[in-house]
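Scroll down for the structure; my scribbles are underneath it.
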Amino acid sequence: MANEVQDLPAALQMQQLLAGFEVSQALYVVAELGVATALLDGPRSVEDLAETTNADSDALGRIIRFLTPLGVFRSAEGGVEITDLGRTLADGPADSVRGLARYWMETHYSPFSGLLHTARTGETGATKVLGKPFFDWVGESSHLSELQNSAMAGGGRVARADLLDAYQLPEGQTIADIGGADGALLAELLAKAPERKGIVFDLPNVVAKATETLAAAGVDKRATVVAGDFFVDNVPAADVYVMSVVLHDWDNATATRVLKNIAGVATAGTRLVLVEMVLPEGDRPHFTKMVDLTMLALLGGRERSETEWRGLLTESGFALDRIVSGSGLLSVIEATLN
Ligand SMILES: C[S@@+](CC[C@H](N)C(=O)[O-])C[C@H]1O[C@@H](n2cnc3c(N)ncnc32)[C@H](O)[C@@H]1O
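Here the sequence shown stands for residues 841 to 1178, where the numbers follow the working numbering.
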């Protein structure tokens, strides 16, 4: 279907685009029910698959038929098999985005029905539809907080790709990961720097899992978990501050408040390491442009170009030193407190 889209008349092409909501929900069903996971060992009949995943076999068969031309499944002798694309919705593969599929559909989907409100007013669709700011709504539910953490950990790994493989953190004994969620990134950084200590700081419900993550990585003796709100509480003192996909959640005025919280606690010369996307200039297709829309609708945040990152950092008292990119979506943006 997708690769034939350009051969269709414009009105049909547009209908394909309009049906994006059906694609999203069908993929969510495959992820949520564990259909992709159940196919990892080879082809199965739809009836067998429906029984394993506790689904209605007619409905599941039609969802699979709909997703097959999109490259998620392939018909095979004895039933259906999963493709390399479809495997990313399974539990297990290193490039799995199953957690992201569940998180997006359970938390992002309904706020997007408020995009018209966002376009008219500039206010977030999330606040209009959910009745409160997005992170407050997620933070009130341990289920959604866990979904968010696992989506961030999985999606973050895919988006970072090889970025941190050869990357050396700036010098400094204690690393604080602000908005560090369940500690997955801090655990990775501490594992590569056995002489350093770390702190993971995030909202109480979100950081609750960090002790477990750090222990599983064997770095818990060098790590502290701090629950707090970076708009209310001082961030902990540290030598190097890491913030991974946090500032893109906020507009410039709010992102500046977070950076000024760090600047208020840290001394001149303290290094800041942002792991963020850098929006390319121009019309070329880029995933960052989709993420930017997510930020607009959900949080009032934004993706930023190199020039915009430099401006935000300067405004908050930091100087941008360098940007390091890998093969994935995320880059490292290093800065120093003036
Ligand atoms: C997009 S997630 C990034 C998580 C993690 N750094 C990563 O790279 O996977 C943004 C994080 O900011 C946290 N956060 C949002 N508001 C916060 C606040 N007021 N104080 C502390 N953390 C907050 C969220 O709970 C969430 O873990």
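Think of the CB as a built atom: it goes at the ideal place given N, C-alpha and C, for glycine as much as any other residue.
Contact between the region 973–982 and the region 1146–1153 is absent: fewer than three C-beta pairs spanning the two stretches fall below 8 Å.
Judged by pairs of C-beta atoms under 8 Å, the region 1127–1145 touches the region 1084–1098, as three or more such pairs exist. Sequence-distant Cβ neighbours of A999 in its own chain, meaning closer than 7 Å and more than five residues away, are G1168, L1169, L1170. Taking R1111 as reference, the option from V978, E1011, I1039, A1021 with the minimal CA-CA separation is E1011.
In this structure the region 1014–1027 lies against the region 1061–1076, because at least three pairs of beta carbons, one per stretch, are closer than 8 Å. E1174 sits in a strand when the DSSP states are folded into three classes. Excluding residues up to 5 positions away in sequence, P951, G954, T958, P973, F974, L1136, A1137, L1138, L1139, G1140 lie with their Cβ nearer than 8 Å to the Cβ of T964 in the same chain.
Taking all protein chains shown into account, L956 has fewer than 16 neighbouring C-beta atoms within 10 Å of its C-beta and is therefore exposed.
For G911, the shortest separation between its Cβ and any heavy atom of ligand 1 does not lie below 6 Å. In this structure the region 929–949 touches the region 976–995; the number of beta carbon pairs closer than 8 Å is three or more.
A contact between stretches requires three or more CB pairs, one per stretch, nearer than 8 Å, and the region 978–985 meets this requirement with the region 1033–1053.
Here DSSP, grouped into helix, strand and coil, assigns T1053 to helix.
In this structure, the CA atom of G919 is about 15 Å from the CA atom of A899. A straight-line Cα-Cα distance of about 14 Å links F1070 and V1082. Cβ contact annotation for N1101 (same chain, cutoff 6 Å, sequence separation greater than five): F1070, V1075, in chain order. Non-local C-beta neighbours of F1127 in its own chain, meaning closer than 7 Å and more than five positions away in sequence, comprise L1169, ordered along the chain. Set against 6 Å, the gap from the CB of V937 to the closest heavy atom of ligand 1 is not smaller. Our two residues, D931 and A1056, have alpha carbons roughly 19 Å apart in a direct line.
The residue among D888, G962, V1115, V969 with its C-alpha nearest the C-alpha of L1003 is V1115.
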